[in-house]
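Protein sequence lines correspond, in order, to chains A and B. UniProt numbering numbers the first residue of the first sequence as 1 and each following residue consecutively. UniProt numbering numbers the first residue of the second sequence as 1 and each following residue consecutively. Glycine is no exception: its CB is placed at the ideal position from the N, C-alpha and C atoms. These figures come from a predicted structure and were not determined experimentally.
2 protein chains.
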Amino acid sequence: MTVSPVVLIGAGLVGASIGCALTEEGQQVHLRDLSSSHARVAAGLGAGTVDEPVAADVRLVVVAVPPAALAEVIAGALRDYPNATVTDVGSVKAGVLHRLWESVGDRAVLERYVGSHPMAGSQRTGPVTARADLFVDRTWVITPHRRSGEAGIAAVRELVKLCRAREVVLDVEEHDAAVARVSHLPHLMSVLMAGRLTEVEPEQLQLAGQGLRDVTRIAGSDPELWQQIVGANAHALLPELRAVQLRLDDLISAVETAQQTPGRTDGVRTELERGLAGTRRIPGKHGSAPRDDAQLVVEIPDSPGALGRLFAEIGEAGVNVEDIAIEHDQVREVGYLTLAVQPTLADGLVATMRDRGWEIRQARSEV
Amino acid sequence: MTVSPVVLIGAGLVGASIGCALTEEGQQVHLRDLSSSHARVAAGLGAGTVDEPVAADVRLVVVAVPPAALAEVIAGALRDYPNATVTDVGSVKAGVLHRLWESVGDRAVLERYVGSHPMAGSQRTGPVTARADLFVDRTWVITPHRRSGEAGIAAVRELVKLCRAREVVLDVEEHDAAVARVSHLPHLMSVLMAGRLTEVEPEQLQLAGQGLRDVTRIAGSDPELWQQIVGANAHALLPELRAVQLRLDDLISAVETAQQTPGRTDGVRTELERGLAGTRRIPGKHGSAPRDDAQLVVEIPDSPGALGRLFAEIGEAGVNVEDIAIEHDQVREVGYLTLAVQPTLADGLVATMRDRGWEIRQARSEV
Numbered sequence: 001m002t003v004s005p006v007v008l009i010g011a012g013l014v015g016a017s018i019g020c021a022l023t024e025e026g027q028q029v030h031l032r033d034l035s036s037s038h039a040r041v042a043a044g045l046g047a048g049t050v051d052e053p054v055a056a057d058v059r060l061v062v063v064a065v066p067p068a069a070l071a072e073v074i075a076g077a078l079r080d081y082p083n084a085t086v087t088d089v090g091s092v093k094a095g096v097l098h099r100l101w102e103s104v105g106d107r108a109v110l111e112r113y114v115g116s117h118p119m120a121g122s123q124r125t126g127p128v129t130a131r132a133d134l135f136v137d138r139t140w141v142i143t144p145h146r147r148s149g150e151a152g153i154a155a156v157r158e159l160v161k162l163c164r165a166r167e168v169v170l171d172v173e174e175h176d177a178a179v180a181r182v183s184h185l186p187h188l189m190s191v192l193m194a195g196r197l198t199e200v201e202p203e204q205l206q207l208a209g210q211g212l213r214d215v216t217r218i219a220g221s222d223p224e225l226w227q228q229i230v231g232a233n234a235h236a237l238l239p240e241l242r243a244v245q246l247r248l249d250d251l252i253s254a255v256e257t258a259q260q261t262p263g264r265t266d267g268v269r270t271e272l273e274r275g276l277a278g279t280r281r282i283p284g285k286h287g288s289a290p291r292d293d294a295q296l297v298v299e300i301p302d303s304p305g306a307l308g309r310l311f312a313e314i315g316e317a318g319v320n321v322e323d324i325a326i327e328h329d330q331v332r333e334v335g336y337l338t339l340a341v342q343p344t345l346a347d348g349l350v351a352t353m354r355d356r357g358w359e360i361r362q363a364r365s366e367v
Numbered sequence: 001m002t003v004s005p006v007v008l009i010g011a012g013l014v015g016a017s018i019g020c021a022l023t024e025e026g027q028q029v030h031l032r033d034l035s036s037s038h039a040r041v042a043a044g045l046g047a048g049t050v051d052e053p054v055a056a057d058v059r060l061v062v063v064a065v066p067p068a069a070l071a072e073v074i075a076g077a078l079r080d081y082p083n084a085t086v087t088d089v090g091s092v093k094a095g096v097l098h099r100l101w102e103s104v105g106d107r108a109v110l111e112r113y114v115g116s117h118p119m120a121g122s123q124r125t126g127p128v129t130a131r132a133d134l135f136v137d138r139t140w141v142i143t144p145h146r147r148s149g150e151a152g153i154a155a156v157r158e159l160v161k162l163c164r165a166r167e168v169v170l171d172v173e174e175h176d177a178a179v180a181r182v183s184h185l186p187h188l189m190s191v192l193m194a195g196r197l198t199e200v201e202p203e204q205l206q207l208a209g210q211g212l213r214d215v216t217r218i219a220g221s222d223p224e225l226w227q228q229i230v231g232a233n234a235h236a237l238l239p240e241l242r243a244v245q246l247r248l249d250d251l252i253s254a255v256e257t258a259q260q261t262p263g264r265t266d267g268v269r270t271e272l273e274r275g276l277a278g279t280r281r282i283p284g285k286h287g288s289a290p291r292d293d294a295q296l297v298v299e300i301p302d303s304p305g306a307l308g309r310l311f312a313e314i315g316e317a318g319v320n321v322e323d324i325a326i327e328h329d330q331v332r333e334v335g336y337l338t339l340a341v342q343p344t345l346a347d348g349l350v351a352t353m354r355d356r357g358w359e360i361r362q363a364r365s366e367v
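Right, dumping it as structure tokens:
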């Protein structure tokens with residue numbers, strides 16, 4: 001099957017990567033971008049051509065522009081390409097649909113709109129890093145609305161297939177609720193915690209450890225983009241934020257009880273246990289169930305070559321490293337590397353690495 | 001100067017490591033632990049002896065037991081060793097002091113108590129991984145109270161010096177406020193977020209990414225220990241939690257506004273900007289100011305030896321890796337490794353690594 005010719009509006013990483021994937025599969029792709037240099041860079045990378053198509057021939061339009069511009073660009077595409085299915089790759093769906101519903105005079109036209117959302121592993125801006133295989137085996141959510149036509153849904157399914165992604169069909173509200181919970185809420189929790197640091201004295205921050213860094217990492221992301229995402233998903237985010245608000249009230253009551261009656265910390269324990277249970281529900285790597293890897297801690301000198309030597313010797317030992325994290329000592333020129341390995345391999349690896357002169361130990365519970 | 005003979009109560013990682021450090025410096029250390037096997041293991045590692053000292057000769061007692069037991073064990077030590085300075089290594093100070101104040105009949109005795117808190121890089125349980133150099137160049141906070149005697153303070157400063165840690169003196173309230181802000185509050189924010197996941201459907205969790213994993217990582221820690229820590233620092237934690245509660249109210253109002261009036265997201269932007277500003281206040285590695293490293297993303301096959309080859313070749317290129325993070329593809333057998341390097345070295349490294357066949361790219365802004 002074919003969806004050719006395709007028009008791609010927005011030649012950033014996601015758009016240009018779709019262009020590369022479709023071009024590889026023999027589809028004709030026409031690139032459009034407000035920045036003509038973006039479109040030209042994407043074309044140079046094999047994402048398609050900057051030539052204009054014959055509008056009436058276009059079968060599929062993929063809109064890959066920032067969240068705030070989506071509704072307008074989609075409406076424009078429905079007008080400009082009267083025979084095309086139009087989809088988008090936005091990370092929030094309901095608001096866009098609502099605005100289309102209000103702004104598009106002839107609602108029958110909306111039969112040709114079917115939203116979608118590829119969960120690309122890393123969303124970086126700009127076409128320079130585009131890759132045809134960005135979506136291979138990634139989840140790509142298709143979000144038909146109640147007026148989406150069968151032909152349009154089929155075209156978007158074909159798009160997902162051509163990009164070799166894994167198709168998941170959710171309705172618009174289900175999708176927005178899912179990303180509100182597992183992506184947008186964690187982002188705002190990180191922002192709340194990081195925001196509190198603006199009122200902390202520098203001396204106090206000297207006591208900061210890896211935990212604080214982990215919790216606040218994503219709060220360092222681009223506020224411009226997140227302003228659009230949060231604005232677009234306000235509807236689905238509000239119940240999540242209010243649920244956290246209630247839970248925070250409970251937690252504060254529990255801590256107040258602990259303060260008033262020393263030893264009465266069972267309420268606090270309940271919250272901590274719930275948190276632990278929540279972490280265990282997050283799927284592990286490769287989509288598998290969470291697993292208890294053994295954690296090994298190695299001291300590594302902070303110099304070129306040290307990590308290379310370390311991993312070369314781990315490789316020689318035939319052990320696959322499942323996960324990795326580094327913590328730098330604030331003062332000494334060393335880092336502590338935590339390696340996750342299969343539990344059955346841990347003891348042997350510790351012995352081998354010690355023989356080779358590494359400071360290595362099995363980690364127990366972590367505070 | 002000497003603090004010998006020393007009694008160490010609690011032969012876990014922190015206690016046994018103090019024993020090793022003091023023994024190396026020629027101090028006589030006597031180990032006590034509720035678990036006699038813990039004490040023997042620690043002695044076997046060079047942390048001291050399990051023999052009883054002459055109680056009246058003891059100059060310094062270091063109490064390294066779980067938070068809930070601290071006050072009682074300190075009070076016991078003040079009784080048992082009538083001429084000794086008594087310190088502890090607990091992560092919360094005011095509650096313990098308060099309980100001592102209430103429980104110790106003869107308050108003059110409290111002259112001999114001076115609290116302290118070594119910020120060991122990784123707090124793992126059990127003596128097996130004890131190391132004499134655990135505290136080298138780490139911050140070790142000394143928290144005298146208003147009745148602490150000069151001789152006691154001098155003895156604890158000597159302890160810190162013998163362990164080669166960096167002495168910081170804070171009063172009890174300052175210390176507890178600092179750890180509430182930079183350690184205990186982030187922990188509870190992580191717990192709140194992770195707790196919310198207990199109500200999320202498994203299909204929704206399939207959309208989870210690295211951001212969620214980072215924010216919830218520390219919520220996977222031991223609830224037993226954190227129950228004690230939160231209970232002990234309830235007083236300092238409450239204002240932090242209430243500040244977050246107010247900020248969350250503001251955030252919810254801002255998101256409500258964004259929902260009611262699409263486009264009115266300036267309130268949301270304010271919160272996002274505050275979060276970004278907060279992340280920039282966290283000190284970088286080696287206690288230096290935060291720095292903008294260049295971020296490179298490399299695709300690595302998920303097989304033994306791949307990381308070894310990668311780091312060996314980075315080492316040959318003479319580039320020091322400042323930080324490292326790994327993200328596993330949920331389905332494909334590859335990982336994406338993010339490397340932070342000095343910005344001036346990034347372009348050269350990318351070129352070199354590409355020549356050697358690695359898929360490597362410079363990351364832009366991250367969502």
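Taking the continuous beta strand (DSSP E) assigned at residue i, which residues delimit it?
{"i": "residue 154 (chain B)", "result": "Careful: residue 154 (chain B) lies outside any beta strand (DSSP E), inside the alpha helix (DSSP H) at 150–162."}
{"i": "residue 362 (chain B)", "result": "360–362"}
{"i": "residue 301 (chain B)", "result": "294–301"}
{"i": "residue 166 (chain A)", "result": "166–169"}
{"i": "residue 143 (chain A)", "result": "139–143"}
Taking 8 Å as the CB-CB limit, is residue i close to chain A?
{"i": "residue 215 (chain B)", "result": "yes"}
{"i": "residue 245 (chain B)", "result": "yes"}
{"i": "residue 181 (chain B)", "result": "yes"}
{"i": "residue 187 (chain B)", "result": "yes"}
{"i": "residue 122 (chain B)", "result": "Note that residue 122 (chain B) scores 45 on pLDDT, short of 50, meaning its location in the model is unreliable and no value can be drawn from it."}
{"i": "residue 353 (chain B)", "result": "no"}
{"i": "residue 206 (chain B)", "result": "yes"}
{"i": "residue 74 (chain B)", "result": "no"}
{"i": "residue 212 (chain B)", "result": "yes"}
{"i": "residue 209 (chain B)", "result": "yes"}
Inspect the beta-carbon positions of residue i and residue j and report whether they are closer than 8 Å.
{"i": "residue 107 (chain A)", "j": "residue 85 (chain A)", "result": "no"}
{"i": "residue 75 (chain A)", "j": "residue 104 (chain A)", "result": "yes"}
{"i": "residue 119 (chain B)", "j": "residue 138 (chain B)", "result": "yes"}
{"i": "residue 41 (chain A)", "j": "residue 8 (chain A)", "result": "no"}
{"i": "residue 47 (chain B)", "j": "residue 70 (chain B)", "result": "no"}
{"i": "residue 101 (chain B)", "j": "residue 116 (chain B)", "result": "no"}
{"i": "residue 90 (chain B)", "j": "residue 262 (chain A)", "result": "no"}
{"i": "residue 142 (chain B)", "j": "residue 169 (chain B)", "result": "yes"}
At what residues does the alpha helix (DSSP H) containing residue i begin and finish?
{"i": "residue 186 (chain B)", "result": "185–196"}
{"i": "residue 261 (chain A)", "result": "Neither: residue 261 (chain A) is in no alpha helix (DSSP H) and is coded neither H nor E."}
{"i": "residue 272 (chain B)", "result": "266–279"}
{"i": "residue 282 (chain B)", "result": "First-last for residue 282 (chain B): undefined, no H or E at that position."}
{"i": "residue 318 (chain B)", "result": "Where residue 318 (chain B) is concerned, there is no enclosing alpha helix (DSSP H), given that its DSSP letter is neither H nor E."}
Tell me, please, whether the CB atom of residue i is closer than 8 Å to any CB atom in chain B?
{"i": "residue 256 (chain A)", "result": "yes"}
{"i": "residue 135 (chain A)", "result": "no"}
{"i": "residue 173 (chain A)", "result": "no"}
{"i": "residue 283 (chain A)", "result": "yes"}
{"i": "residue 331 (chain A)", "result": "At residue 331 (chain A) the pLDDT is 49, less than 50, meaning the model places this residue with poor confidence and gives no usable figure here."}
{"i": "residue 16 (chain A)", "result": "no"}
{"i": "residue 118 (chain A)", "result": "no"}
{"i": "residue 324 (chain A)", "result": "yes"}
{"i": "residue 42 (chain A)", "result": "no"}
Helix, strand or coil for residue i per DSSP?
{"i": "residue 25 (chain A)", "result": "coil"}
{"i": "residue 340 (chain A)", "result": "strand"}
{"i": "residue 255 (chain B)", "result": "helix"}
{"i": "residue 1 (chain B)", "result": "coil"}
{"i": "residue 8 (chain B)", "result": "strand"}
{"i": "residue 32 (chain B)", "result": "strand"}
key: Residues in the stretch 225–239 of chain B having any Cβ partner in chain E nearer than 7 Å   = Among the protein chains of the structure shown, namely A and B, there is no chain E.
request  = For the stretch 37–124 of chain B, list the alpha helix (DSSP H) runs that are entirely contained and at least 4 residues long, ordered along the chain.
outcome  = 70–80, 94–103
ask   = Considering only residues of the stretch 172–251 of chain B, which uninterrupted alpha helix (DSSP H) runs meet the minimum length of 4 residues and lie entirely inside it, listed in chain order?
value = 172–179, 185–196, 202–205, 210–216, 223–232
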